[in-house]
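**Student:**
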Amino acid sequence: MTSIRIVDLEKSFGEVRALSGINLEIEKGEFFTLLGPSGCGKTTLLRTIAGFYRQDKGDVYIDGELINNVPAYQRNTGMVFQNYAVFPHMTVFDNVAYGLRVRKLPKEEILRKVSAALRTVHLEGYEQRTPDKLSGGQQQRVGLARAMAIQPRVLLFDEPLSNLDAKLRIEMREEIRAVQKSLGITSIYVTHDQEEALVISDRIAVMNQGVIQQIGKPWEIYADPQNTFVAYFVGKINMLTMRLGEGAGQGLRRATLGGLSLLVPAEGTEALHEAIVAFRPEDVAESVRQDRQDSLNTLSGTLKSVSFMGSVARFELDVEGQAITIDRHRPREADMPQKGGSMSFEVPASSMLLFDPNTGRRVGKGAQR
Amino acid sequence: MSAAEHAPRSRGRRPDMWSLVILAGFAIVVVFLIYPLFDIFRYSFLDKVTATFSMSNWKAFFSKAYYLRAFWHSILIAILTTFFSMVLGIPLAFFTTRYRIRGTNLLNTLSVLALLSPTFIGAYSWITMLGRNGFLRLLFQSVGINLPPIYGAFGIVLADSLQYYPFISLMTAGALMTIDRSLEEASENLGARSVKTFFSVTLPMVMPSVTGGALIVFMMSLSNFGTPMIIGGNYLVLPTLAYNLYTSEISQTPGMASTVSIILMLCASVVIVLQQWVSSRRKYASMLVNRPIVKRLKGVKSFLAHLLCYGIVFCSTLPLAVIVYYSFRKTSGPVFQPGFSLDSYRQIFFDVPKTVTNSFLYSLVAVLLIASVGTLLGFVIARKRNAAVSVLDPLLMIPYMVPGTVLGIGFIVAFNRPPIMLSGTATIIILTYFIRRLPYSVRSAASILKQIDPALEEAGINLGSPPGRTFRTVTLPLMQGGIISGAIMSWVTSMNELSASILLYVGKTMTMPIKIYLSVADGYFGTASAMSTILLVVTGVSMFIVTKYFNRGSETFISA
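The following block contains the structure:
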């Protein structure tokens, strides 16, 4: 069943187009994330759903009801704010009870609902504390409890974890996810953190410049990006704009860039003379053995820099004048290559993505994508 | 909620509460500022006798020495007052922030009390000390020093400097306390001696604050009416000239008084514009990591530093102490008798109790108006930015550049004829208090709101609370402390207001400051002292409440 439906939404701030042509359907109980760089319109979209902005064009439906003209305070959406927005002059209890008191619920019911909400976010016993005595993470739990206590039709999260430190962020995102699943409330979550989006979401909409670039499950967004923006924004990727030559059999086609030559999947690129050839650093197979030099799609380059990131070592190489990044898993210090030394690696055609350089759209991909 | 579905697609903008507030703001500005100020402007072009258009007033101002002299007097007094305030304020700020001076809080409190007390009290007190038979004059005479006469420039500058220097000392101290220690350490690390460091690093860093304070002092002394009125004698400055002209022109059109008012307002505007400019480019981004070191002085050095700081503050508090002392002296009519008594107080409560109740009542009503209207307009300015508000915002700041004397003349010429007849009423006095204080109240409410995250209000709305209820349950409680301490400041200034109300009062609407002025003029120093003491106590108690219960530092008093 559809919980949120957005049709042809447009919004400008003066000259700036903040949202254009937004169409979305979010299922009941779904955890849906708006992902994109700052200024992409994700927060504008969220605030339009909450009713803090009024769209220039288009419709917003919640549970089938058109809410364009419903003021923010009657929309029954529970928002969790980036900077918590916990009322500093009220106790934890009063904060969580705020929306319930507005709804004029009987005292016992308020008491019951506040306790339940605080139990869910593990803040039992904190009822009489004031917010200045709470840590950032605890304040955000109050924010979450307060938003869900009113049993909203949808929970709206506006980068709720961006003010927390790295470790707490991971803890909290798992908690948010667990709470959301147990309550089954439809949720829209705004973030610029791609890892957070991949971990937490049922589906993701990647946004840029006010336009939705792609909607899909986390796996699809990462493995099957529909354009260069999505490919570039989610995860690390190498992109080379290469000239396409004749076919090479087995569904492959020759692509060249300066002294660089690769065999790439031919399907979908028939009409093109140029393509952006893209592959992720982790899909590269490092050839340690020198005798594989001339095998399929083997490249070698000079090592420019190494970033050691624990489970992965990332190498920046110069290959025929192009910067290419490759990953080595489970690196060990003894095997680490020297800066300025030469490294060989193989780029399997099956892991490649091909984009039209003029439109940025994806035109082809390898068999394993 | 379902009704919304049937509503038209593009929501018709019905006037909400905030639109009404904006409208009311414009109404206030137009009726109580633009209308009276325009009236003054109009009168300045009317011939005294024939009441037809003429440039005669303007010609007279720029050709007659009598008028021009007052202009130059005003400028001279303002410059000298500013200079001496800096001479007193900067060293005081430096010593109290950088060296361990015992009782710094006491020093700050006393200088703020001197600053907030009515100017005419200080002036009148200096007369009792340095007037023809003043005890200090006689004391100096006995050791062979003949002081210049107190009436005139000497007295005005003396009283003004000792009243206004806290603007400079407090603002400079504030800046000195927020210079990161490492900046001065860097200078010394690079080889500069401490004197060199003071002049090449410390002073330039606090200069914007010093300049800002200096311009406030300049402005205050330029538009000050009480001091020159009481102590100036024949030495006229623009506010006293305008007052004299108005009271002597009363049967004719007040053309000359209007012309002088406009000149005075123009001078004030120039200073305000300068001050805005300085404060806009003010302040180096301060990353205060390490507080400056407070050095401990020893022996003679410590003694001298204490002597300097206490000396300055003593001189500025002395006039207040003298007033309190005289209020308890035995009197018989205008003459002081040996011994103490409560005669002067008795006299007030038996003879002019109405004056006391008037002051309290008018100020109370004005404060309620100021706080409520100021808060609503402040909210609109901070939260509801649109084209109308952008026009309203600067208009609301006009009273900053209208000296009390000018506002008083404007009110009296504009509101003693239809359509608005207010002269002789309590309303007109309350309205002057209200208008004079409104910009401060609006500014302070807006700045409090800027520190309140708008997300808090959004959270309230998001949880189902309509805008009005959200304002009441979320915004207002968070603003409360700031509003109340601002209201108390408004209360103090209203209680002590003289320059506008003296033009507007009639017998039954007399207030304490006016009565003090009249008593001094008639030589009834006992009554004047007792009434002044009451005002001082009100000022002191208000200050105490603000610092004690609202945890505001001295900076509240100079910004408000």
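Chains as they are written, first to last, in my numbering: chain A, 18 to 386; chain B, 15 to 574. Here a beta-carbon is modelled for each residue, glycine too, at the ideal position from N, C-alpha and C. In this text the structure is predicted, and so the values were computed from the model without any measurement.
1) Please list, in chain order, the chain B residues whose beta carbon lies closer than 9 Å to that of A:R170.
2) At a CB-CB cut-off below 9 Å, which residues of chain B make contact with A:G123?
3) Taking 9 Å as the cut-off, decide whether the C-beta atoms of A:E291 and A:L316 are in contact.
4) Report the CB separation of A:A284 from A:G377 in whole angstroms; it is logged as a contact under 8 Å.
5) Give the residues from the segment 465 to 481 of chain B that approach chain A closer than 8 Å (Cβ to any Cβ), ordered along the chain.
6) Flag this pair as touching only if the segment 153 to 170 of chain B and the segment 195 to 203 of chain B have three or more C-beta atom pairs under 8 Å; answer yes or no.
7) So which residues on chain A does B:L492 lean against when the C-beta distance must stay under 9 Å?
8) DSSP puts A:E387 in a beta bridge; with which residues?
9) Whose Cβ in chain A lies nearer than 7 Å to the Cβ of B:V488?
10) Which first and last residues belong to the alpha helix (DSSP H) in which A:N85 is found?
11) Would you identify the three-state DSSP class for B:L176, choosing helix, strand or coil?
12) Leaving aside the five residues before and after B:S379 along the sequence, list all residues of the same chain whose C-beta is less than 6 Å from its C-beta, in chain order.
13) CA-CA distance, B:A74 and B:G240?
14) Could one say the Cβ of B:L463 lies closer than 9 Å to chain A's Cβ atoms, at least one of them?
15) Is the CB of B:T484 under 9 Å away from at least one CB in chain A?
16) For the ligand FMN, I want to know if A:R260 counts as a neighbour, meaning its beta carbon is within less than 8 Å of at least one of the ligand's heavy atoms.
17) At the level of alpha carbons, what is the spacing between A:T389 and B:T489?
18) Based on Cα-Cα distance, which residue from A:L63, A:N86, A:L371 lies nearest to A:I21?
19) Strictly by DSSP, which residues pair up with A:Y206?
20) Thinking just about the alpha-carbon of each residue, which of B:E471, B:S99, B:S533 is nearest to the one in A:H106?
21) State buried or exposed for B:N400, treating a residue as buried only when at least 16 other CB atoms are found within 10 Å of its CB.
22) When DSSP labels each residue in this structure, what does A:A164 get in the three-state scheme?
23) List, from N- to C-terminal side, the beta strand (DSSP E) runs of 3 residues or more that fit wholly inside the segment 35 to 115 of chain B.
24) Flag this pair as yes or no: are the beta carbons of A:A162 and A:V131 separated by less than 9 Å?
25) Does B:G136 pass the burial test, meaning 16 or more other C-beta atoms within 10 Å, or should it be called exposed?
26) Under a Cβ-count criterion, where at least 16 other Cβ atoms within 10 Å of its own Cβ denotes burial, should A:D344 be classed as buried or exposed?
27) Take B:S293 as the anchor and find which of B:V224, B:P253, B:S346 has the nearest alpha-carbon.
28) Is the beta carbon of B:S515 sitting closer than 9 Å to the one on B:G392?
29) Return the bridge partner residues of A:Q339 from the DSSP annotation.
30) Determine the direct distance from the alpha carbon of A:S278 to that of A:T286, and round the result to whole angstroms.
31) Consult DSSP for B:S499 and reduce its assignment to one of helix, strand or coil.
32) Expressed to the nearest angstrom, what Euclidean distance is found between the alpha-carbon atoms of A:D219 and A:T203?
33) Which residue's Cα is closest to the Cα of B:I245: B:I559, B:I91, B:F55, B:A544?
34) Could you confirm whether any beta carbon from chain B is found closer than 9 Å to the beta carbon of A:L173?
35) Which of helix, strand or coil does DSSP assign to A:N255?
36) Quick test of your reading: A:Q281 and A:M369, contact by CB under 8 Å. State the CB separation rounded to the nearest angstrom.
**Tutor:** From the atom records:
1) Residues of chain B passing the Cβ test: none, with the nearest at roughly 11 Å.
2) Inspection of the sequence shows that residue 123 of chain A is occupied by Pro rather than by Gly. Those within 9 Å of A:P123 in chain B number zero; the least Cβ separation is about 16 Å.
3) no
4) Checking the sequence, you will find Glu at residue 284 of chain A rather than Ala. That pair is no contact at about 19 Å.
5) D467, A469, L470, E472, A473, G474, I475, N476, L477, G478, S479, P480, P481
6) The segment 153 to 170 of chain B vs the segment 195 to 203 of chain B: no contact.
7) F104, P105, H106
8) Coverage of chain A is limited to positions 18 through 386, which leaves residue 387 of chain A absent and any answer about it impossible.
9) F104
10) Premise fails: A:N85 is in no alpha helix (DSSP H) and is neither H nor E.
11) Here B:L176 sits in helix by DSSP.
12) It is worth fixing the name first, because residue 379 of chain B is Val in this sequence and not Ser. Counting only Cβ-Cβ distances below 6 Å, and skipping sequence neighbours, we find I444.
13) Cα-Cα distance, rounded: 26 Å.
14) no
15) yes
16) Within the structure as shown, the ligand FMN is missing, as the structure has no ligands at all.
17) Residue 389 of chain A lies beyond the stretch modelled for chain A, which goes from 18 to 386, so this question has no answer here.
18) A:L63
19) DSSP output for A:Y206 lists A:T50, A:F174 as bridge partner(s).
20) B:E471
21) exposed
22) helix
23) none
24) yes
25) buried
26) Counting the other Cβ atoms within 10 Å of the Cβ of A:D344 gives 16 or more, which makes it buried.
27) B:V224
28) The Cβ atoms of B:S515 and B:G392 lie no closer than 9 Å to each other.
29) A:V336
30) 17 Å
31) Residue state, collapsed to three classes: helix.
32) 11 Å
33) B:I91
34) Closer than 9 Å to some Cβ of chain B, the Cβ of A:L173 qualifies, so yes.
35) strand
36) Note that residue 281 of chain A corresponds to Val in the displayed sequence, not to Gln. That belief holds up - the Cβ atoms of A:V281 and A:M369 are roughly 6 Å apart, short of 8 Å.
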